[in-house]
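Asker: Note that numbering that gives the first Met the number 0 numbers the sequence shown so that position 137 is 136, with each residue one more than the last.
Idealized CB from N, CA, C, for every residue including glycine.
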Amino acid sequence: MERSPSAVLAGRLACAWHRTSEVATTQLVVPDACVDLIWGPGGPFVAGPDTGPMPATLEAGQALVGVRFRPGAVGDLFGVPLEELRDRRVPVAELPGWSGLLTELTEALGPMPSGSWSKEARLDVLQAAVGRRLTAGGGRTAVDPDSRAIAAGLGEGRTVSQVAWALGYSERQLRRRSLLSFGYPPKTLQRIVRFQHALRLARAGTPLAQVAATAGYADQAHLANDVKRLSGVPMGSLL
């Protein structure tokens, strides 16, 4: 279940969410250019930006809560370059300045058995902890002001050189900024933004031939190949 982030974090977070698995299952996570901070049974961890399908195994009764950062909105919050987190799930205890997060969260929830903490309460303290770090981080958590324009330009089907020229960068500068903001080089970011656009259209019931044309694919076969490459399954199965 997703909910809107707190007002003070709305510019950085896409949503806050929680999930409890009723049965043992494996959920397919596909690339979306986002980064999640997740609190699970083993403690908090960061789900870095993915470039392919990442199956997530959940045990029966397992509860997860998390916050999802908007594409390009993490900055240097986690103390390491985003490309180092790419396709990884990293315990926050391994990240600079985050080793005390679990203690901070549990102390904020008060002296009660962990099983009695509600998902909403856990989300509230997790968001509060993120907010404190963003506020205290100063320049360390700054976001590139052109990150949205980079993603939008690439998502509109313009070439890397066209986006770089429009923003006044060399292609090398655009690559550096893309890696810092998203953890991806521009070509990878473009593929993922286009894939997510196609997925939104298909979920809305748009015929796949029209999805391919609208999202900027050469044809329906190009769409099918990219979907399989990024999700590991055909569009029909993914939907």
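Considering Cα atoms alone, identify which of P184, V192, G152 and W97 is closest to L133.
Answerer: The count along the sequence shown starts at 1 and reaches residue 133 at position 134. Of P184, V192, G152 and W97, the residue nearest in Cα terms is W97.
Asker: Please work out which residues of its chain come closer than 6 Å, Cβ to Cβ, to G154, disregarding the five sequence neighbours upstream and downstream, and give them in chain order.
Answerer: On the sequence shown, position 155 is the one that residue 154 refers to. V192, listed in sequence order.
Asker: Examine the Cβ distances between the stretch 44-60 and the stretch 117-134 and report whether three or more of them are shorter than 8 Å.
Answerer: In short, these stretches do not touch, since the Cβ pair count stays below three.
Asker: I need the boundaries of the beta strand (DSSP E) containing P185, first residue and last residue.
Answerer: Within the sequence shown, residue 185 is the residue found at index 186, counting from 1. No beta strand (DSSP E) holds P185; the alpha helix (DSSP H) holding it covers P185 to R202.
Asker: Rounded to the nearest angstrom, what separates E119 and R190 at their Cα positions?
Answerer: As a working note, residue 119 is residue 120 in the sequence shown. As a working note, residue 190 is residue 191 in the sequence shown. Going from the Cα of E119 to the Cα of R190 covers about 35 Å.
Asker: As a quick exercise: from A23, L27, L188 and V210, pick the residue whose alpha carbon is nearest that of R85.
Answerer: One-based indexing of the sequence shown puts residue 85 at position 86. Among A23, L27, L188 and V210, the Cα nearest to that of R85 is on L188.
Asker: Where do the ends of the beta strand (DSSP E) carrying A55 lie?
Answerer: By one-based count along the sequence shown, residue 55 stands at place 56. A55 -> beta strand (DSSP E) spans M53 to L57.
Asker: Residues in its own chain within less than 7 Å of L238 by CB, not counting five upstream and five downstream?
Answerer: Translated into positions along the sequence shown, residue 238 becomes position 239. Only A201 and R202 meet the Cβ criterion.
Asker: Would you kindly report the start and end of the unbroken alpha helix (DSSP H) that includes W164?
Answerer: As a first step, residue 164 is located in the sequence shown; it is residue number 165 there, counting from the start. It spans V159 to L166 - the alpha helix (DSSP H) in which W164 sits, taken as one unbroken run.
Asker: Give the secondary structure of L94 by DSSP, where H, G and I count as helix, E and B as strand, and everything else as coil.
Answerer: Mapped onto the sequence shown, residue 94 falls at position 95. If DSSP states are grouped into helix, strand and coil, L94 belongs with coil.
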